[in-house]
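Some notes on the structure that comes next.
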């Protein structure tokens, strides 16, 4: 859940940060999403998806597909909280 506000050259993103906690890997495996994954040429995944219960499964699923199909896979790892989350 998010919204983008754009005024002239300025933009702002508003989101419900814990919305990803409700994401289920079965959604990634659903036929409509698999169709999108098959047709996509580039994948961009935000790093917060690594910290939610079923997020890593979906990230790995998409990354493996991208690698096998020689597609571009990008992940934003700039979030500072990742250092604390994966400190071990």
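In this note's numbering, the protein residues as written are 679 to 766.
Glycine included, C-beta positions come from ideal geometry on N, C-alpha and C.
Quick caveat, the model's predicted, so the values are computed rather than measured.
Neighbour-count burial assignment, residue i, 16 or more Cβ in a 10 Å radius
i, result
"residue 737", "buried"
"residue 773", "With the chain running from 679 to 766 in the structure shown, residue 773 is simply not present."
"residue 706", "buried"
"residue 740", "buried"
Whether residue i touches residue j by CB criterion (7 Å)
i, j, result
"residue 744", "residue 721", "yes"
"residue 751", "residue 729", "no"
Residues that DSSP places opposite residue i in a beta bridge
i, result
"residue 682", "691"
"residue 726", "For residue 726, which the question treats as bridged, DSSP gives no partner whatsoever."
Range covered by the beta strand (DSSP E) that runs through residue i
i, result
"residue 744", "Note, residue 744: premise wrong, no beta strand (DSSP E); alpha helix (DSSP H) at 733 to 746."
"residue 751", "750 to 754"
Cβ-heavy atom distance, residue i to the ligand ATP, below 6 Å
i, result
"residue 749", "In terms of ligand content, the structure shown is empty, and the ligand ATP therefore cannot be addressed."
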